[in-house]
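Numbering (my numbering), first residue to last: 951 to 1457. Even glycine gets a Cβ: it sits at the ideal position worked out from N, Cα and C. Bear in mind the structure is a predicted one, so any value in this text is a computation, not a measurement. Below is one structure, written out as structure tokens, with a few remarks after it.
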């Protein structure tokens, strides 16, 4: 289905149904927040009980996720120590030597050094370079300034791989959203014309990695990916997801940016331990044949997750994401100054929150697809709606609304035993829930790259105490952009693709 919004549907009945699904996530989130305020005034006992039950639920969830976080970290460390080429050599028939890796790097006005460091990391991969096809996918709308950049990059890296290609995505193509997805679709079209068809490479022998331009894969990433591809039960009906670690510029980024990016890493680590809930995110890999059969989305902002749901519906539910438990390094949000970093961080989180656009797409697809089991439809529907609801609402419920019954409940409520115990119960439950923050602090220090020489030892302390601002970041850069995105979806104010500015300090 090539649907990005309700207007794409021809039937008025289908458009109305799709609009209903677009409105649903925001109504659910805003409804809970509004109801919490009203009930704190009109039925304070009821909302107080709800708050206690919710805090218990949150404590259980945090404990459950912390266990997964620790387990995922251990698996990642194990995979980093594994010699994946040796494991590939043990597979029968030398099958892995036929596998090509197609790495697409969409770029838009990024600095030369950012592109160069990414390409250099590819040259340092242990996978044979004669089996790597690297494509720098540029944009015509980036202007003439990118011409000199392209020439420099081509002169430096054109002979490092089996094939190195620079594509230029034309602007204003009808039906496209200017962004990463449409750029990738254009790049793949050119790759087929200039490389795959002339060299007669079988599609099942190509794995495509769709990377952000700042993505630096660890040395054995492609060997690890190849092994998982060749040993998967259904390799041609699976995507492959690494763990994004935002270590490229983590020492230079401000504290709030570090907390947000590292929290994103931890969420992906937890999801890797729950593959039944895992969806492709940011930089990921997939078989080229799926790209061809399903068709990569060129008309949505959240192309990285949409390709999973599109494939899931296309194959009638017979599709999944295989966790690699292996990292790639990316950039934390960092701009030229603090104010721009704050604005960029909010916009990036809002763009990620715009993944809520997949809810109407998925719900509509489930109604139209009769082959996917009802239980699987319910499970995925619950997981996606609960995930975006939690993103938008939970931090506000925990840190603000828990006190509303005491403020709005009136004298009758404030003289009850429940009123006396509510702040104590919530405080104790949230203190216990800080186990998640402690685990995050420890793991964040374990995955931190070596401290640059221009920073003193006190910088390490800031990496520990930064987690004290977690509640604030969860609200400002979590709940607010998520509610922003859901409100825009309610009113049909659809977001375009916003490219995060990438800056690195020169050491």
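* Of the residues 1192, 1341, 1397, the one placed nearest residue 1165, counting alpha carbons only -> 1192
* Asked: Any chance the stretch 1239 to 1246 sits against the stretch 1192 to 1207, with 3 or more Cβ pairs inside 8 Å?
  -> no
* Residue burial classification, residue 1396 (beta-carbon count within 10 angstroms, cutoff 16) -> exposed
* Which one of 1438, 1409, 1334, 1078 has the shortest CA to CA distance from residue 1228? -> 1334
* Asked: When every heavy atom of the ligand FAD is checked, does at least one fall within less than 6 Å of the C-beta of residue 1052?
  -> Inclusion of the ligand FAD in the displayed structure is not the case, the ligand content being empty and no account of it being possible.
* Tell me, please, whether the stretch 1275 to 1294 touches the stretch 1406 to 1421 by the rule of three or more beta-carbon pairs shorter than 8 Å. => no
* Coil, strand or helix - residue 1384 by DSSP -> coil
* With 16 other CB atoms within 10 Å as the buried threshold, where does residue 1122 fall? -> exposed
* Asked: Between 1252, 1374, 1094, 1068, which lies nearest to residue 1309 when the distance is taken from Cα to Cα?
  -> 1252
* Distance, Cα to Cα, residue 1295 vs residue 1283? -> 6 Å
* To do: Check whether the Cβ atoms of residue 1458 and residue 1076 lie closer than 7 Å to each other.
  => With the chain running from 951 to 1457 in the structure shown, residue 1458 is simply not present.
* Asked: Any idea what DSSP makes of residue 1276, helix, strand or coil?
  -> strand
* **Classification of residue 956 by the beta-carbon crowding that lies within 10 angstroms, buried from 16 upward** => buried
* Identify whether residue 1089 lies in helix, strand or coil by the three-state DSSP scheme. => strand
* To do: Tell whether a beta-carbon distance below 7 Å holds between residue 1054 and residue 1088.
  => no
* According to the Cβ coordinates, are residue 1414 and residue 1391 closer than 7 Å? -> yes
* To do: Compute the beta-carbon to beta-carbon distance between residue 1033 and residue 1380, rounded to the nearest angstrom, for a pair I have assumed lies under 8 Å.
  => Actually they are not in contact, since the Cβ atoms of residue 1033 and residue 1380 sit about 44 Å apart, beyond 8 Å.
* To do: Apply the 10 Å Cβ neighbour rule to residue 976 and answer buried if 16 or more other Cβ atoms are within range, or exposed otherwise.
  => buried
* In whole angstroms, what is the alpha-carbon distance linking residue 1330 and residue 1320? -> 15 Å
* To do: Please classify residue 1307: is it buried, with 16 or more other beta-carbons within 10 angstroms of its beta-carbon, or exposed?
  => buried
* Asked: Can residue 1265 and residue 1156 be called in contact, C-beta distance under 7 Å?
  -> no
* To do: In the DSSP assignment, find the unbroken alpha helix (DSSP H) run with residue 1231 in it and report its ends.
  => From DSSP, residue 1231 is part of no alpha helix (DSSP H); its letter is neither H nor E.
* Asked: With which residues is residue 1160 paired in a DSSP beta bridge?
  -> 1054, 1234
* In angstroms, rounded to a whole number, what distance separates the CA positions of residue 1442 and residue 967? -> 14 Å
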